[in-house]
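Enquirer: Sequence lines, in order, name chains P and H. The C-terminal position of the first sequence is numbered 233 in my numbering, with every residue numbered one higher than the one before it. The C-terminal position of the second sequence is numbered 642 in my numbering, with every residue numbered one higher than the one before it. This is the structure I have questions about; it appears just below.
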Amino acid sequence: MLKISKLHKSYPIGDSSLHVLKGIDLSVEAGEMVAIMGSSGSGKSTLLNIIGMLDEADEGEYILDNVPIKNLTEKKAAIYRNKFLGFIFQSFNLINYKSALDNVALPLYYQGLKRKERIEKALFHLEKVGLRDWATHLPNELSGGQKQRVAIARALAANPKLLLADEPTGALDTTTSYEIMDFIQSLNDEGKTILMVTHEEDIANMCKRIVRLKDGVIMEDVFVNQVRASQYV
Amino acid sequence: MFDRDLWREIFQSINMNKTRSLLSGFTVAFAISLFAILFGIVNGLVNTFDTAFVDDASNSIFINSGTTSKASNGLQAGRRIQFRNEDQDWVKEEFDDKVQYITSRKYLNVTASFRNEKNNYTVRAVNPDHQYLENTNVNYGRYVNESDIKNKTKVVVIGRLVEEDLFLKTTAVGKYINLNGIQYKVVGVFSDDGGDNEERLIYMPISTAQQIYGNNDYVDQINLTYNPELDFDAAIGFGNMLTKKLKERFMVSQNDQRAIRVRNLASETQIVNQMTGGLGVMVLVIGFGTLIAGIVGISNMMIFIVKERTKEIGIRKALGASPKSIVSIILLESILITIIAGFLGLLLGMGILELAKPTLEDFFITNPSVSWTIVNSALFTLILAGAIAGYLPAKKASRIKPIVALRDD
């Protein structure tokens with residue numbers, strides 16, 4: 001599904017540069033649910049951004065679904081992001097002047113689907129996250145958990161191969177966090193490959209595999225017994 | 234080109250971001266309405282200059298006589314020069330190819346009455362050509378004609394306001410008007426662009442006036458228009474030659490400025506043209522000034538919009554928006570706002586001009602209007618400039634890495 005080898009990334013800081021990723025090797029199979037952990041500055045978000053084609057690596061190889069991701073033009077990156085990836089952010093990143101339905105339908109718009117089809121699919125995914133009745137509401141009329149569920153519906157709408165989540169529960173309280181995790185687990189049960197960045201141990205333990213980063217290298221890569229979030233809900 | 238979904242996106246964005254849209258639209262509307270108002274006012278000034286001279290044909294020459302101020306040919310100073318009918322004929326013969334229309338004038342002040350209405354007016358006794366010299370429009374009936382001159386008929390052509398004053402909304406043509414105790418038949422009613430005073434005049438055949446008031450062939454003034462094909466220099470030359478020959482004819486010294494006075498509108502027209510040219514430059518300066526102000530305004534607004542939408546752009550890109558779609562959504566939105574606001578500003582500016590028209594007339598600004606062509610091309614320029622000014626920030630925004638845009642919390 002995803003294969004990364006010898007990945008390097010540095011950011012220029014003034015005259016010098018900060019070496020954030022120092023040769024990462026990682027491969028993820030379809031259907032996995034991986035947590036990337038590490039303290040702040042360990043490079044976990046950078047890794048996720050490179051995987052999400054939101055950022056580019058300086059060196060190394062990245063193959064996603066047998067497609068080498070390299071020297072992408074903006075246009076091509078846009079097509080790949082739309083086709084392969086779904087994003088869930090810590091701060092939800094919903095467009096605040098669009099209704100929940102329109103937010104969910106946006107990736108479908110960029111896929112070039114007809115309006116009728118977009119609305120149909122978007123409603124289906126809103127139904128899936130249990131927010132069909134909230135379709136016409138604006139993001140600021142929703143609670144944090146609801147916003148994140150709209151964001152998940154949006155990430156799912158384009159039917160991506162890989163779901164990337166950057167601290168999906170970072171802005172939520174514990175109960176809501178578990179609800180969201182429960183939902184993400186159910187998506188994984190259905191076969192979605194999920195990669196998430198978190199610094200919370202309990203959230204990481206709800207995944208099936210934990211990759212620990214420290215100072216730009218992988219310290220530990222273990223498969224764990226998944227804790228089901230449903231027992232806390 | 235027409236993509237319904239794209240426009241739906243744009244309308245949603247405009248509709249849901251009302252403050253932003255209104256603020257940016259305001260800049261454009263303000264610039265365009267200011268443009269229309271200033272342009273209209275300057276146009277009004279130009280109109281005032283024009284109308285001040287449309288009364289008379291611009292190729293007119295007026296010849297007046299007075300008393301000599303210098304002795305010449307053995308004759309003393311202080312001699313009175315009197316024009317007669319034969320002088321008009323002489324000018325016509327002498328300069329046959331250069332004279333277009335020619336008429337003599339005799340002035341009379343009369344008390345005119347019809348039934349119980351009574352008022353004082355000036356009578357101009359003239360030849361038929363006078364109609365073309367004064368740009369007189371005959372509304373009803375006819376003007377003085379050759380047969381009137383020949384038969385010395387007692388007919389008059391009265392101004393629109395004379396008819397209004399004396400005939401009180403009834404038709405004057407065919408009725409008899411009493412001028413100082415003598416009945417004249419009204420054969421026509423005229424109007425004149427020269428203003429109210431010009432429409433309170435009464436015209437009668439010069440031969441009639443000469444017979445009734447003095448029984449002589451005296452005329453007070455000879456007016457003519459020169460052949461419009463003469464260029465400026467030829468017209469001035471003709472005026473000078475006419476002056477010289479007239480002075481010879483009346484044995485007046487060539488240095489005598491008082492005995493025979495020739496006023497040639499050609500030289501005055503030149504001054505007016507220079508004046509209008511100066512105003513034209515003013516129009517250009519104002520036009521460019523407002524347009525540049527508008528362009529700067531739009532550029533600022535575009536930079537501001539792109540800045541404000543950075544995060545949204547990042548989200549859209551993360552969801553798979555191509556750079557092209559980012560550019561078009563930003564650019565089309567601003568163009569749409571510019572067009573709508575531009576037209577509103579245009580209507581506003583023209584509305585203000587229309588409302589202020591009566592007040593502005595007190596300040597020598599006549600009919601201050603702007604042609605649609607000018608305003609539309611200004612609007613078009615503004616839209617084009619806005620598109621160009623907006624393209625760069627939009628292009629830059631489309632290149633922002635989504636991660637940079639999204640980090641902007």
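In this text, a Cβ means the ideal position worked out from N, Cα and C, and glycines have one as well.
Between residue 82(P) and chain H, is there a C-beta pair that is closer than 7 Å?
Expert: yes
Enquirer: Given a limit of 9 Å on CB to CB distance, which residues of the segment 524-557 of chain H reach chain P?
Expert: 544, 545, 547, 548, 549, 550, 551, 552, 553, 554, 555, 556, 557
Enquirer: State the beta-bridge partners of residue 227(H) as determined by DSSP.
Expert: Coverage of chain H is limited to positions 234 through 642, which leaves residue 227(H) absent and any answer about it impossible.
Enquirer: Taking C-beta pairs closer than 8 Å, name the residues in chain H that residue 65(P) reaches, listed in chain order.
Expert: Here the premise fails: no neighbours, minimum Cβ distance about 16 Å.
Enquirer: Of all the residues that make up the segment 30-56 of chain P, which are near chain H by a beta-carbon distance shorter than 7 Å?
Expert: 49, 54, 55
Enquirer: Taking the alpha helix (DSSP H) that residue 29(P) falls in, what are its first and last residues?
Expert: Premise fails: residue 29(P) is in no alpha helix (DSSP H) and is neither H nor E.
Enquirer: Would you mind telling me which residues of chain P sit closer than 8 Å to residue 629(H), beta carbon to beta carbon, in chain order?
Expert: None at all; the shortest Cβ gap to chain P is about 12 Å.
Enquirer: Comparing alpha-carbon positions, which option in 83(P), 42(P), 99(P) lies nearest residue 159(P)?
Expert: 83(P)
Enquirer: If we ignore side chains and look at the alpha-carbon of each, how far apart do residue 401(H) and residue 437(H) end up?
Expert: 22 Å
Enquirer: Near residue 432(H), what residues of its chain come up, given a Cβ to Cβ distance below 8 Å and the 5 sequence neighbours on each side ignored?
Expert: Result list for residue 432(H): 392, 393, 394, 395, 423, 424, 425, in chain order.
Enquirer: So, using beta-carbon positions, are residue 242(H) and residue 562(H) closer together than 7 Å?
Expert: If you check the CB distance, residue 242(H) and residue 562(H) come in under 7 Å.
Enquirer: Below 7 Å on C-beta distance, what does residue 635(H) contact in chain P?
Expert: 54
Enquirer: Is residue 249(H) close to chain B, meaning its C-beta is less than 7 Å from at least one C-beta of that chain?
Expert: The chain labelled as chain B is not found among the protein chains of the depicted structure, namely P and H.
Enquirer: Kindly list the residues whose CB is nearer than 6 Å to the CB of residue 271(H), restricted to its own chain and excluding five residues on each side of it in sequence; keep chain order.
Expert: 519
Enquirer: Where do the ends of the beta strand (DSSP E) carrying residue 465(H) lie?
Expert: Segment 465-482 is the alpha helix (DSSP H) holding residue 465(H); no beta strand (DSSP E) there.
Enquirer: Roughly how many angstroms separate the alpha carbons of residue 366(H) and residue 379(H), rounded to a whole number?
Expert: 16 Å
Enquirer: Buried or exposed: where does residue 231(P) fall if 16 or more other Cβ atoms within 10 Å of its Cβ makes it buried?
Expert: Of the other Cβ atoms in all chains shown, fewer than 16 fall within 10 Å of the Cβ of residue 231(P); this residue is therefore exposed.
Enquirer: For residue 567(H), go through chain P and note every residue whose CB falls closer than 7 Å to its CB, in chain order.
Expert: The contacting residues do not exist; residue 567(H) stays about 17 Å from chain P at best.
Enquirer: Do residue 1(P) and residue 208(P) have their beta-carbon atoms positioned less than 7 Å apart in this structure?
Expert: Cβ distance not < 7 Å, so residue 208(P) and residue 1(P) don't count as in contact.
Enquirer: Kindly list, in the order they appear in chain H, the residues whose Cβ is closer than 7 Å to that of residue 93(P).
Expert: 548, 639
Enquirer: What residues from chain H crowd round residue 275(P), counting only those whose CB sits closer than 8 Å?
Expert: Here chain P has residues from 1 to 233 only, and residue 275(P) is not among them.
Enquirer: Considering only their Cβ atoms, is the gap separating residue 212(P) from residue 53(P) smaller than 7 Å?
Expert: no
Enquirer: Kindly indicate if chain H contains any beta-carbon less than 7 Å away from that of residue 61(P).
Expert: no
Enquirer: Could you say which of 137(P), 145(P), 189(P), 123(P) lies nearest to residue 168(P) if we only look at CA atoms?
Expert: 145(P)
Enquirer: Assign residue 297(H) to one of three DSSP states: helix, strand, or coil.
Expert: strand
Enquirer: Quick check: residue 338(H) and residue 357(H), are their CB atoms within less than 7 Å of each other?
Expert: yes
Enquirer: Between the Cα of residue 60(P) and the Cα atoms of 87(P), 155(P), 4(P), which residue gives the shortest distance?
Expert: 4(P)
Enquirer: Please confirm if residue 274(H) has its CB atom under 7 Å from at least one CB of chain P.
Expert: no
Enquirer: Jot down the residue ranges of each uninterrupted beta strand (DSSP E) in the segment 43-125 of chain P, minimum 3 residues, whole runs only, in chain order.
Expert: 59-64, 85-88
Enquirer: In angstroms with no decimal places, state the Cα-to-Cα distance between residue 487(H) and residue 478(H).
Expert: 9 Å
Enquirer: So who's on the other strand from residue 503(H), going by DSSP bridges?
Expert: By DSSP's assignment, residue 503(H) forms no beta bridge with any residue.
Enquirer: Assuming residue 229(P) and residue 182(P) are in contact, meaning their beta carbons sit under 8 Å apart, how far apart are those beta carbons, in whole angstroms?
Expert: 4 Å
Enquirer: Taking only runs of the alpha helix (DSSP H) that begin and end inside the segment 144-214 of chain P, which ones reach a length of at least 4 residues, in chain order?
Expert: Restricted to the segment 144-214 of chain P, the alpha helix (DSSP H) segments that are unbroken, complete and at least 4 residues in length are 144-157, 174-189, 201-204, listed in chain order.
Enquirer: Residue 74(P) CB to nearest chain H CB: under 7 Å?
Expert: yes
Enquirer: To the nearest angstrom, how far is it from the Cα of residue 179(P) to the Cα of residue 98(P)?
Expert: 25 Å
Enquirer: Suppose you measure from the CA of residue 582(H) to the CA of residue 550(H); what does that come to, to the nearest Å?
Expert: 41 Å
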